Structure formats: structure tokens, C-alpha cells
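Participant: Pasting in a structure now, in C-alpha cells, and then I'll have a few things to ask.
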Amino acid sequence: MKSGPFHEIMISKENHQIFSADAEGYSIFKSDTLTAIEGYVTDDVKKSFIKNLELANDTWFPTKIVDEEGWHLYYVKASNKNDSDMIKLVLVNIADLMDNYEMVKRQNCAYKAQLDLFEDIFFEYNPVKDTINIFNTEMAEFDAGIYSLSDFEELLIKRAKGRQRSSIKSFIGQIKSKTGRSSVRIDSNLINDDINVVYTLLEEAFVFYDKETEGVVGHIHLGHNKMKTAAASIKHDSLTGLVDKTDIIRIARERIDERRLRGTTLAIIDIDYFKSVNDIYGHQYGDEVLKKIADIISSEVGNDGIAGRFGGDEFLVVFYHLTEEEELRAKLKNIKNLVRVTFADKNLGEDKTLSVSIGAATFPNDADSYDDLFMLADYCLYTAKDKGRNRYVFYTLEKHGTLESIRNSRKSARKINERDLSYGDFIVKMFDMTLHGNGSTLEHMLDEFAEIFDFQHLTLFVGQPFYLRYSTGSSVERNQEARDFMLGVLNSDSTREKYLGHQNFIVMNRIENLPPYAQSVKNFLKELEIYSYVLLRFNDKDGKDCILIISSVGKNVQWNQMHFKYYRAFTDLLGLYSLSQ
């Protein structure tokens, strides 16, 4: 008998009396084996119910079944194989089915998250179709998706040599035989060009889904040189769990500029009125919104691409090879609708709704490079904003004009450039709140400052002795060892003076430019992948020595000198407060 919300019942073809059932099936019909089963169906659907029993064509149909509490909606499938004197019914209560669906959905999210922790490629073999569905291939030179078993074999053999090829063929044979569990270690890297990978482990295991379905699951693991601490191949945003900005851009550039993979689509997703969410409901709820929307995006993208957090309230999705526009349109529509429904009860005032706007463009149909494709998707995003938000826009030449005309348009400017005109307004607003309004919390001001300038990491230390007062940004560093190291530097008079001296404003575009005596600091920053920073030193209202550090993660940054006046003005603002806890 089937488990879960589905129940099997065997009835007589002649009089429709129950012949056998599982325990739940019997309870639905009160263990009544004398009454024809249609006696438990409401009158308004009884005629169609009997007709479907007579057809017994293995097709689902709705019906209403009565018990002491009233009627319940069921779906039923009737079949009569080999023209026997029995009809097999499979029933499912729609309410139970939906509850089961939600449970399975949660389980799938949990299992996927667990698999992602290992960053292994994993796969599922369908013996009926003789196909392999491959997942989590961000580290590989091939895409996720459905392959024939022979194509999967070719992907693995491509980098193998000599006897390694025979071992791989044997592994494929084990998958096809569905005989149990096996593993093969290949002493080379079959997946990518990482020279620190010393072996590839292939493992598979037979899985029994139910009495009618079976298959094989497995994974591909890369083993690193023991002399090297293996860093995660892909870094994830600490709040949402999506790929971080640096790596999502790298993945997109590799697919478009290096591998020239046709059908790669960029979709930029921006949350509408997110600032109002923070202002009305607070930053903690704003974080919950980001996490929920990230989950919606990740779930809808599925195995067809990869999603990353691009900025404070912005996401970038790289779709792999959705060749049909309708398929892509359906995914973006689902994202838009699910976000709108999820937060339908949140009133942001002035006819504002919590929703998303999306812009998308495809390589090579729309542009021939990552930069140009991103610009088109970005243009479409702001077109969606201009049209009223809560919508998605695909680039088309006929509707939006040529690439060159868009490049020359002010609309193509990134959000951060568009905000450049409002940086001064932001600082003025903060001063006005402090001097003439009700003021603001330190945490709120630092969060706003990081968001408006799209900083990856912003940290405030207050002394003396120095301690970490607050940390924020799109890639907040939560490494306790890193914090202790920095506090060790700041709280040592000799070390602090050696590195800072009497300087109140230090700009470091590349940490390679640190002096030779700072080698230990340089090495530690490299381990954290902090390659550029700006350090500002100031005093708070009580004369406490304070240090604000703005840093980039995973990339060198040429800091914009035109913004330095805003950084200094912000520390002047902080100086109006007592910053000690």
C-alpha cells in the first residue's frame, strides 16, 4: 500500500463494495464493506463519480466524500488492468496533500542546504529514461541539468587518462546496474582546473522510492592537497545564504566572456520600497524580508541557474540555458508573484507595496559581453521601476532601442551612481535628525551609511581600550579570530602607533602597498580576503578615541576620492554622540 496522504482501496467491479484497503482507507469509509462506495459521495458529484469508476482509465478526477464532519474534497484515480473483476482506487484528501507538500518542500530545502555545505556535485539517475540529473555544478566546467548517461560518462572521461577511463566506465556500469553502493577514487581533478585538487571521489547508491519507482543517487567530491587549507570554492552571503557579489559576478563573467555559453541570462531583481520597510518595521524585520525573498528566488531558480546577493536589496540571477522565453518568463513571474503574496499584509503607506522589479537580458541574443548584458538587464530593471514596479521586463531591440543608445542614456547608470546625487542629502538628513529631530540609534545610522554606499564591511571600534562597537554591511565579518587580531593591534600602543601614527584618514586601495614591517597584518587580511580599506580616526562626544574601518571583501577597490568628504562628514556626525555602550 502507498504511504503518506495517498491510500489504496480495491472495490468490486460489479457492486462497488470495498474488498480491501489500507488502515486509513478503511477509516475513511468506516470499515464498511457492504455499502457501495458511491454511497459516501455527495449527490451533486455521484453521477460523475460512478462514470469515472466505469471508465477506470487511470486518470485523476475530483470528488466529495462525506463523513460525520461534512464533506471533504478528494482526488481519485480508478484503474482496471487486464479487465479484472476488481477496480483499484487511489485516493488523496486535498488538505492532506497540501500539508504533505509543505512538509516535503521543507525537507527538500533542508536536504539541499546540507548538500550545499559540502559543495559537492550531486546527481540522480532515472533508469526508466536512462538520464542523469546533475545539481550544484558551480565549481565544474559543465552545467547543471539533465544528461544522458553516456553524455555524463563523457563529461567525466574528458580529463581522465589511461586506466582512469576504465575506472570511470566501471562506475557508470555500477550506476546502470542499480545493485547497491560503490565508490571510485580517481587521482586527478575531473571537474575543473584547480591545481590544489589531488583526487576526485565518485560515489553512488541505489535508492528505492516506492514499489513502482527506483533509481540511483550519488555525488562527486574533490579532495584537496592536505598541505593546503581548502577554502570554500564559492563564498556565500552571511545573511541570505546566496552566493556573494564577488562570486556571482565571477560566475557570470566566466559563462559569458570566457566560456561563451549561449542562452546565459542575467536577471537583476530589486526590492521595491525596501528603505520604507526598514523605516517602518525596523532593520531586523528588513533582514527577515531579505532572507525570505532570497529563499523564494533560490527555490524558483532551482537547477536552472544560480542566485547571488548583489547589494543591500538587490539580487543577481544567472540562468544557465533557458532557451525558451516562456520558461524564463514563468520563473520571473513566479518570483514576482510569490514575493507580492508573501508580504501582502505589509502596509508601507502612500500606496507603496513590498514587491520586486526585475530586468533581464540574454547572451548572445541581446549583447556579446557581460558588461553590456548587465547594462541591458539594469536598464530593463529601471524601466520596470518607471512603469510602476512589481513587474519584470525583458530586453528587446524593438522596445528599448540599441545597445549604444542605452549606453548613452542616463538610465543605464547603476543604482550606486544614481545615488551619488543623494549622498549629500543623506548626510544632511542624518545631521538634521540629530540636531533638530529625535535623533537616531548608532546601529541605524551605520546600517543606513553602509546601505547607501553599498559597503561590504563597515566596523566601528571605540576605545580605550578599544572594543568592537558595531559591524554591518553586505558581507559582515563574523570571524572572532579576526576581531581579536584587530583589537590586539589597536590596543597595543606601540603597534597602533606603528601602523596609524597620527594619521586620521588612511586609504589603502591594495594591501600589497602596506610597508614591509606590516607583513603579518597583510597576511592576516589576505586570509580574510580583505584587499582594500579606508580607516577613519575620530573622537566621540566624550573624547573617546574611535576608529571606523570600511573594507572590501574578495576584491581590490579603487576608492572614490569624491566620496571621502562624505566619509569624513559621517564621522563628524558620529562625533556628536557618546559611542560607549
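Numbering follows the numbering used here, with no gaps: position 133 of the sequence shown is 169. Beta carbons: idealized from backbone N, C-alpha and C, even for Gly. Please read these numbers as outputs of a predicted model, since none were measured by experiment.
Three or more beta-carbon pairs under 8 Å between the stretch 79-92 and the stretch 158-168, yes or no?
Facilitator: No, the stretch 79-92 does not touch the stretch 158-168.
Participant: Looking at the strands, I want to know which residues DSSP matches up with residue 223.
Facilitator: The partner list for residue 223 (beta bridge, DSSP) is empty, contrary to what the question assumes.
Participant: For the candidate residues 66, 336, 246 and 325, whose alpha-carbon lies nearest to that of residue 141?
Facilitator: Checking every option, the nearest Cα to that of residue 141 belongs to 336.
Participant: Please go through the same chain and pick out, in chain order, the residues whose beta-carbon is closer than 7 Å to the beta-carbon of residue 623, but skip the five residues on each side of it.
Facilitator: There is no way to answer for residue 623, as the model of the chain reaches only from 37 to 617.
Participant: Alpha helix (DSSP H) containing residue 345: first to last residue?
Facilitator: Note, residue 345: premise wrong, no alpha helix (DSSP H); beta strand (DSSP E) at 341-345.
Participant: Let's test the definition: count the other Cβ atoms within 10 Å of the Cβ of residue 145 and tell me whether it reaches 16, buried, or not, exposed.
Facilitator: Under this definition residue 145 is an exposed residue.
Participant: Of the choices 52, 225 and 272, whose alpha-carbon is the least far from that of residue 177?
Facilitator: Per the Cα distances, 225.
Participant: In the DSSP assignment, what are the bridge partners of residue 304?
Facilitator: 352 and 395, per the DSSP bridge assignment.
Participant: Does the count of Cβ pairs from the stretch 327-334 and the stretch 276-286 closer than 8 Å reach three?
Facilitator: Touching, per the Cβ criterion.
Participant: Over what stretch of residues does the alpha helix (DSSP H) that includes residue 357 continue unbroken?
Facilitator: Segment: none, residue 357 is in no alpha helix (DSSP H) and carries neither H nor E.
Participant: From the DSSP secondary-structure annotation, give me the bridge partner or partners of residue 124.
Facilitator: Bridge partners of residue 124: 46 and 115.
Participant: Output needed for residue 95: all residues of its chain with C-beta closer than 7 Å, excluding positions within five of it in sequence on either side, in chain order.
Facilitator: Answer for residue 95: 113, listed in chain order.
Participant: At which residues does the beta strand (DSSP E) containing residue 54 begin and terminate?
Facilitator: Per DSSP, residue 54 belongs to the beta strand (DSSP E) from 54-57.
Participant: In the DSSP assignment, find the alpha helix (DSSP H) that holds residue 202 and state where it starts and stops.
Facilitator: Segment 199-213, the alpha helix (DSSP H) holding residue 202.
Participant: Name the one or two DSSP bridge partners that residue 236 has.
Facilitator: Answer by DSSP bridge pairing, in chain order: 222 and 258.
Participant: What would DSSP say about residue 92, mapped onto helix, strand or coil?
Facilitator: Residue 92: coil per DSSP, three-state reduction.
Participant: Please report the Cβ distance between residue 589 and residue 566, rounded to the nearest whole angstrom; I am assuming they are in contact, meaning their Cβ atoms lie under 8 Å.
Facilitator: Confirmed, Cβ separation roughly 6 Å.
Participant: Just to confirm the assignment, what range does the alpha helix (DSSP H) spanning residue 604 have?
Facilitator: Element bounds for residue 604: 600-610.
Participant: What did DSSP end up calling residue 171 once you bin it into helix, strand or coil?
Facilitator: Residue 171: strand per DSSP, three-state reduction.
Participant: Could you give the distance in angstroms between the alpha-carbon of residue 65 and the alpha-carbon of residue 138?
Facilitator: Taking the straight line joining both Cα atoms gives about 26 Å.
Participant: Could you work out which residue in 298, 460 and 259 is closest to residue 356 when comparing CA atoms only?
Facilitator: The residue with the shortest Cα to Cα distance from residue 356 is 298.
Participant: For chain B, is any of its Cβ atoms less than 9 Å away from the one on residue 597?
Facilitator: Absent from the structure is chain B; it holds one protein chain and no more.
Participant: With DSSP run on the structure shown, which of helix, strand or coil describes residue 155?
Facilitator: The answer is coil: DSSP assigns residue 155 none of H, G, I, E or B.
Participant: Between which two residues does the beta strand (DSSP E) holding residue 543 run?
Facilitator: Counting along the chain, the beta strand (DSSP E) containing residue 543 begins and ends at 541-544.
Participant: Could you tell me the boundaries of the beta strand (DSSP E) in which residue 587 lies?
Facilitator: Taken as a continuous stretch (DSSP letters only), the beta strand (DSSP E) holding residue 587 covers 581-589.
Participant: Check whether the stretch 536-554 touches the stretch 497-511, taking contact to mean three or more Cβ pairs, one atom from each stretch, closer than 8 Å.
Facilitator: No: fewer than three Cβ pairs fall under 8 Å.
Participant: Nearest-angstrom Cα distance between residue 385 and residue 309?
Facilitator: Taking the straight line joining both Cα atoms gives about 10 Å.
Participant: Please go through the same chain and pick out, in chain order, the residues whose beta-carbon is closer than 6 Å to the beta-carbon of residue 200, but skip the five residues on each side of it.
Facilitator: Closer than 6 Å at Cβ, skipping near neighbours: 222.
Participant: For a test of the three-state rule: what should DSSP assign to residue 666, helix, strand or coil?
Facilitator: In the structure displayed, the chain extends from 37 to 617; residue 666 sits before or after that span and is not available.
Participant: Based on the DSSP output, what are the partners of residue 246 in its beta bridges?
Facilitator: In DSSP, residue 246 forms a bridge with 249.
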